[in-house]
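*Asks:* Going by this note's numbering, the first residue of the sequence shown is number 2, and it counts up by one from there. Beta carbons: idealized from backbone N, C-alpha and C, even for Gly. This is the structure, below, for whatever I ask next.
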Amino acid sequence: MLTIDEIAHKTPSMSLPEASDNEGRTRAALAEQNRLIDEQASRVKSLQEKIAGYQYVLANPGWTTGDGFMINHLTSVKTVTEGLSQATEQLAVEQSRLAQMQEKAQSIQDVLAGLEDRRVALIRQQAAEQNRCTSPCWL
């Protein structure tokens with residue numbers, strides 16, 4: 002089984018059956034990558050919602066005790082601020098992972114396009130060879 006990088010490298014020299022077989026495998030790899038992207042996008046959205054919640058609590062603290070305990074939210078300003086900081090850091094990491102996954106999906110799509118181009122070229126070549134006249138052609 003070839004990796005996506007190996008398929009990309011070998012595409013120009015592939016036969017029609019090889020190109021067709023690898024096209025199917027590449028489509029499966031793209032589907033899996035898109036599934037992973039959906040999961041990662043869900044993580045990012047969840048963190049964004051968590052951050053929005055922390056920001057709301059800080060923007061609307063309600064009654065607060067002298068040591069920063071927010072009575073309406075049953076938590077302290079310090080706890081919410083620390084949670085916001087951690088969630089913001091994690092969001093940056095998860096967004097970076099998402100961007101990397103999207104780049105990988107794009108490279109898989111590029112390989113898929115190359116395979117399709119190769120397959121079409123080979124089909125045309127085969128058709129041209131079959132249509133060549135082996136005896137005198139009458140116009």
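Which whole-angstrom value describes the C-beta separation of residue 48 and residue 17, a residue pair presumed to lie in contact below a C-beta threshold of 8 Å?
*Replies:* At roughly 47 Å, the Cβ-Cβ gap does not stay under 8 Å, so residue 48 and residue 17 are not in contact.
*Asks:* Could you tell me which of 14, 59, 28 sits nearest to residue 106, measuring between CA atoms?
*Replies:* When each option's Cα is compared against that of residue 106, the closest is 28.
*Asks:* Could you work out which residue in 97, 99, 60, 26 is closest to residue 85 when comparing CA atoms only?
*Replies:* Out of 97, 99, 60, 26, 60 has the C-alpha closest to the C-alpha of residue 85.
*Asks:* Identify which residue in 2, 4, 20 has its Cα closest to the Cα of residue 123.
*Replies:* Measuring from the Cα of residue 123, the nearest candidate turns out to be 20.
*Asks:* Check whether the stretch 34-47 touches the stretch 69-85, taking contact to mean three or more Cβ pairs, one atom from each stretch, closer than 8 Å.
*Replies:* With a cut-off of 8 Å, the stretch 69-85 and the stretch 34-47 do not count as touching, because too few Cβ pairs lie within range.
*Asks:* Nearest CA to the CA of residue 52: which residue from 11, 76, 89, 26?
*Replies:* It is 89 whose Cα lies nearest to the Cα of residue 52.
*Asks:* On the criterion of 16 or more Cβ atoms from any shown chain inside 10 Å, does residue 23 qualify as buried, or is it exposed?
*Replies:* Counting Cβ neighbours within 10 Å, residue 23 comes out buried, since at least 16 surround it.
*Asks:* Give me the Cα-Cα distance between residue 158 and residue 113, rounded to the nearest whole angstrom.
*Replies:* Residue 158 lies beyond the range of the chain shown here (2 to 140); nothing can be said about it.
*Asks:* Can you give the beta carbon distance from residue 31 to residue 110, rounded, assuming they're within the 8 Å contact cut?
*Replies:* Right, their Cβ atoms sit about 6 Å apart.
*Asks:* Name the DSSP beta bridge partners of residue 80, please?
*Replies:* Per DSSP, none; premise fails for residue 80.
*Asks:* Using only CA atoms, which one of 132, 78, 115 lies nearest to residue 10?
*Replies:* Cα-wise, what sits closest to residue 10 is 115.
*Asks:* Got a sec? Which residues, its chain only, sit under 7 Å from residue 117 by beta carbon, not counting five neighbours each side?
*Replies:* 24.
*Asks:* Applying the 10 Å Cβ sphere with the 16-neighbour rule, what's the burial state of residue 34?
*Replies:* The residue is buried, with at least 16 neighbouring Cβ atoms inside 10 Å.
*Asks:* From 94, 96, 57, 95, pick the residue whose C-alpha is nearest to that of residue 78; which is it?
*Replies:* Nearest C-alpha to residue 78: 57.
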